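Trainee: Chains as they are written, first to last, in the numbering used here: chain A, 1 to 217; chain B, 218 to 733.
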Amino acid sequence: MSGYIIVNILSTLLILTSLVLILAKSPRKAAYIYGTQALVLVAILITLGSASGAHGLYTWSITAFITKVILVPAILLFALKKMKPQQEDMPPRLAPTVTVALTVVIVVLCVLVVSGITLPTALEVKPALAVSLALFFIGITCIISQRSIIKQIFGFCLMENGSHVSLALLAPEAPMLVEIGIATDAVLVVIVMVIMATRMYRTIGTLDANEITKLRG
Amino acid sequence: MTLESTLLVIALMATPFAAALLTAVLPSKILPHWAYEVLHAFSLTIVCVSALYLAITVVLNGENVQALGSWFYLDALGAVFIFLIGAVGLLAGWYSLPYLRHKVGNDTLSNRQVKHYYFFFNLFIFTMLVAVLSNNIIMMWVAIEATTLATVFLVALYNNRFSLEAAWKYLIICTVGVAFGLYGTLLVYANGASALADSSQAIFWTSLVGSGAPFDPLLMQIAFVFAVVGFGTKAGLFPLHTWLPDAHSEAPSPVSALLSGVLLKCAVLIIMRFYTLAVETLGSGFPQMIMLIIGIVSVIIAAFAMLMQDDVKRLLAYSSCENIGIVALCLGFGGPLGIAAALLHCVFHGFIKALLFCLTGNLDMKYGTRELSKIKGVLQVAPATAVLLVIGFVSLAGFPPFALFVSEVLAIIAAVVSGNIIVVVIFGLVLTVVIAACFRAISKMVLSKAPEDAAKGEVGVFALVPQILLVVVILWFGVAMPQQLFKGIEAATAIVLQEEGNVLLEAPVIKDLFDE
């Protein structure tokens, strides 16, 4: 049973890393923090694999390591290096205290919702499940609260991580192709987003979401 | 299920994919334009013919087709949508040829951009076909996400500030929205994996539906809400519809036709699949309430926005939100009439919106603008376009004898039968706003006086023929719906409701019609 306890403890680290990511001043720092969070995610998958006996999770942890710990941060760091954005840190739309308060509200709500679930696979890992659902919504908070387009891309990645962990917790025996499909998709989305961000930076000259306001009504 | 149908399903998906790959590898520097055009036309013709053949066989024989294990699956419900993809895909694809030639002619697009266009257009068709034919629920989601990735570059084709902003908004809002869809899908899968006897089957829609397995109701509720918000984003439903007017107006006109006419409907199909699952576990109350609320809010917001627009493509884009809202409302009314109205509305609106967006392409070629205040005297400048434009807007307003009239009347009957009187009154009032918006557009563009310096002349027969064909379809479906379509809609309705037999012929009101 101790394996599940470790999973639950590790999952709280997901919340902490995402908060640090949202509050990070520069997108470059955010990339490193994202890599750290992805490492926590890999650790959760491995622990869960040994606790539940679902060995598919080991291969899953490898794909997660390659895509989330290495590829995603590398792609974004590469893009940032190529673009050399003038103004790296933009003040967020929401004050940090508001963001933290929102996060707390999200976590509490998610704990309440998850407590009603009766699925047998979920019983041992309810705290982690609540955290993964919360992570999903924290990702949205990141997208809403940040002006930097790069930070918004990370917000999407946080959402993706949230659904990833939920799937691992609820259906550890999921077929390999499912994991690979989701992981590939996440990387593809990040690549397309980075291409679009680069094209916008070249044409419009900004990575500030507040500047994207020409179209209205 | 015959082997040839299985092979045809695979060929249906493989053709546009292969055409896209071939377009990508062919060198644009050496090859002339027409090489891409031939490839493009060839691929879309094959898609259209095989989609029509498959749809009609599935509907008439009442047999489903499976391919590649159970990963892909075609039933009557899917048949309705591959018909739409095949037919509208071919006509919008056809219109692309003269439209792009014009754009190359006035130096708006380079050879490379034309190549990109045909590449992504075929990829777009491919991803929609995969989404509609998937039986694997994760694959369904992957395909819907892939439609976003394939179309975002089409929206950004002109590479100017406006189209890039629209594409970015489209990308970020839809991927975030569709992430909800993923979460919902995963919850359904996890639910199925522990409830079904054979957990490896939990990934297939056909095994989940009608299994009678004890799903966790709370999990199913969350999953349904997530799926509706998620795929509803892609369908242009409130609250995450804000990307749609930007993306659909900034995209090249034939792409707008396909985005509004077909892609939104593919997302609706996925919602319908989840709707069926949710109704089975939760009963019809909760799913219908969700669809009613989202539907009526979408209709109201979009109808008033239509009235405010000075950009004809934005007006049409908001009208798409409004019409998808009507589809959601029909799902909210439920019952055989509601579901059939939803399906018919998807098909009819697909053709009408494709027509109107292609017509904005004509206007763009003649006037070089999308602003209602600058497009004047179309009747004098391009009479054929003007006539088509009037037909298009009149049918969009829901007037007989055009097709949309049938589905809207059916929607209202469904509302009354299901007892949603207040909703139907609001709905009726809002439809008058839509009519006003349509006639405002006609009077501004068609009935006004042409500017002195306007160059008179039509856009060319080759561009007009696909539009005339669309009008023929709209009129044909409005006055004499083909037997195959009726049967297809009936069989699809039966699948959504998970009932057997002639659900439509035995439905209230319709039953009385046929009894006499």
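The beta-carbon is built from N, C-alpha and C at its ideal position, and this holds for glycine as well.
Predicted, not measured: the structure shown is a model, and the values here were computed from it.
Can you tell me whether residue 233/B sits near the ligand ATP, meaning its C-beta is under 7 Å from at least one heavy atom of the ligand?
Mentor: The ligand ATP is absent from the structure shown, which contains no ligand whatsoever.
Trainee: I need the DSSP call for residue 433/B, collapsed to helix, strand or coil.
Mentor: In this structure, residue 433/B counts as coil in the three-state DSSP scheme.
Trainee: Classify residue 104/A as buried or exposed, calling it buried when 16 or more other Cβ atoms lie within 10 Å of its own Cβ.
Mentor: exposed
Trainee: Give, in chain order, every residue of the stretch 136–152 of chain A whose Cβ lies closer than 7 Å to some Cβ of chain B.
Mentor: 136, 140, 143, 152
Trainee: Using a Cβ cut-off of 8 Å (strictly closer), state whether residue 93/A contacts chain B.
Mentor: Not one chain B Cβ lies under 8 Å of residue 93/A.
Trainee: Mind checking if residue 311/B is an interface residue toward chain A, Cβ cutoff 8 Å exclusive?
Mentor: Chain A contact via Cβ: absent.
Trainee: Measure the C-alpha to C-alpha separation of residue 386/B and residue 152/A and round it to an integer number of angstroms.
Mentor: 12 Å
Trainee: Going along the chain, which residues of its own chain have a beta-carbon closer than 7 Å to the beta-carbon of residue 493/B, five neighbours each way excluded?
Mentor: 426, 713, 715
Trainee: So, do the stretch 626–638 of chain B and the stretch 700–710 of chain B have three or more beta carbon pairs nearer to each other than 8 Å?
Mentor: As far as the Cβ criterion goes, the stretch 626–638 of chain B does not touch the stretch 700–710 of chain B, which means the pair count is below three.
Trainee: Answer with yes or no whether the minimum CB distance from residue 85/A to chain B is below 8 Å.
Mentor: At a cut-off of 8 Å between beta-carbon atoms, residue 85/A makes no contact with chain B.
Trainee: Would you mind telling me which residues of chain A sit closer than 8 Å to residue 373/B, beta carbon to beta carbon, in chain order?
Mentor: 196, 199
Trainee: Hey, how far is the Cα of residue 65/A from the Cα of residue 641/B?
Mentor: Rounded to the nearest angstrom, the two C-alpha atoms are 53 Å apart.
Trainee: With respect to the alpha helix (DSSP H) encompassing residue 58/A, which residues constitute its N-terminal and C-terminal limits?
Mentor: Start and end: 56–64.
Trainee: Counting only Cβ pairs nearer than 9 Å, list the residues of chain A close to residue 423/B.
Mentor: Residues of chain A with a Cβ closer than 9 Å to the Cβ of residue 423/B do not exist, since the nearest Cβ in that chain sits about 16 Å away.
Trainee: With 8 Å as the threshold, decide whether the Cβ of residue 204/A is near any Cβ in chain B.
Mentor: With its beta carbon less than 8 Å from one in chain B, residue 204/A belongs to the interface.
Trainee: Note down the Cα distance separating residue 165/A from residue 476/B, rounded to an integer number of angstroms.
Mentor: 33 Å
Trainee: In this structure, how does DSSP classify residue 291/B when only helix, strand and coil are distinguished?
Mentor: strand
Trainee: Quick check: is the beta carbon of residue 693/B nearer than 8 Å to any beta carbon in chain A?
Mentor: no
Trainee: Indicate whether at least one CB of chain B lies closer than 8 Å to the CB of residue 156/A.
Mentor: yes
Trainee: Any idea what DSSP makes of residue 408/B, helix, strand or coil?
Mentor: helix
Trainee: Tell me the start and end of each unbroken beta strand (DSSP E) in the stretch 347–381 of chain B that is at least 3 residues and wholly inside, in chain order.
Mentor: Runs found: none.
Trainee: Rounded to whole angstroms, what's the CA-CA distance from residue 410/B to residue 61/A? Just pull it up for me.
Mentor: 21 Å
Trainee: Which residue's Cα is closest to the Cα of residue 57/A: 22/A, 188/A, 180/A, 201/A?
Mentor: For the residues 22/A, 188/A, 180/A, 201/A, the minimum Cα distance to residue 57/A belongs to 180/A.
Trainee: What does DSSP give as the partner residues of residue 418/B in its beta bridges?
Mentor: Answer is none; residue 418/B lacks a bridge partner.
Trainee: Return the first residue and the last residue of the alpha helix (DSSP H) that residue 479/B is part of.
Mentor: Taken as a continuous stretch (DSSP letters only), residue 479/B belongs to no alpha helix (DSSP H), as it is neither H nor E.
Trainee: Tell me, to the nearest whole angstrom, how far the beta carbon of residue 284/B is from that of residue 471/B; I am working on the premise that it is less than 8 Å.
Mentor: About 29 Å; that fails the 8 Å criterion.
Trainee: Excluding five sequence neighbours on each side, which residues of the same chain lie with their C-beta closer than 8 Å to the C-beta of residue 46/A?
Mentor: 57, 58, 61
Trainee: Find the residues of chain B that neighbour residue 118/A, judging by a C-beta separation of less than 7 Å, and give them in chain order.
Mentor: Ordered by position in chain B, the residues that pass the 7 Å Cβ test against residue 118/A are 433.
Trainee: So if DSSP puts residue 148/A in a beta bridge, which residue, or which two residues, is it bridged to?
Mentor: 208/A
Trainee: When you compare each of 517/B, 700/B, 623/B, 694/B to residue 651/B by their alpha carbons, which one comes out closest?
Mentor: 517/B
Trainee: So for residue 162/B, helix, strand or coil by DSSP?
Mentor: This structure gives no information on residue 162/B, because the portion of chain B shown stretches from 218 to 733.
Trainee: Closer than 8 Å by C-beta to residue 571/B: which residues in its own chain qualify, once you throw out the five before and the five after it? Chain order, please.
Mentor: Residues of the same chain with a CB within less than 8 Å of the CB of residue 571/B, apart from the 5 flanking positions on each side, are 305, 308, 309, 474, 475, 477, 478, 479, 687 in chain order.
Trainee: Can you give me, in chain order, the residues of the stretch 353–384 of chain B that have a beta carbon less than 9 Å from any beta carbon in chain A?
Mentor: 353, 355, 356, 358, 359, 362, 363, 365, 366, 369, 370, 373, 376, 377, 378, 379, 381, 382, 383, 384
Trainee: Short of 6 Å in beta carbon distance, which residues of its chain neighbour residue 679/B, apart from the five on each side in sequence? Order them along the chain.
Mentor: Exclusion of the five residues before and after residue 679/B leaves 315 as the residues of its chain whose Cβ lies within less than 6 Å of its Cβ.
Trainee: Could you check if residue 93/A is buried or exposed, using at least 16 other CB atoms within 10 Å of its CB as the buried criterion?
Mentor: exposed
Trainee: Given this structure, state the Cα-to-Cα distance separating residue 4/A from residue 694/B, to the nearest angstrom.
Mentor: 59 Å
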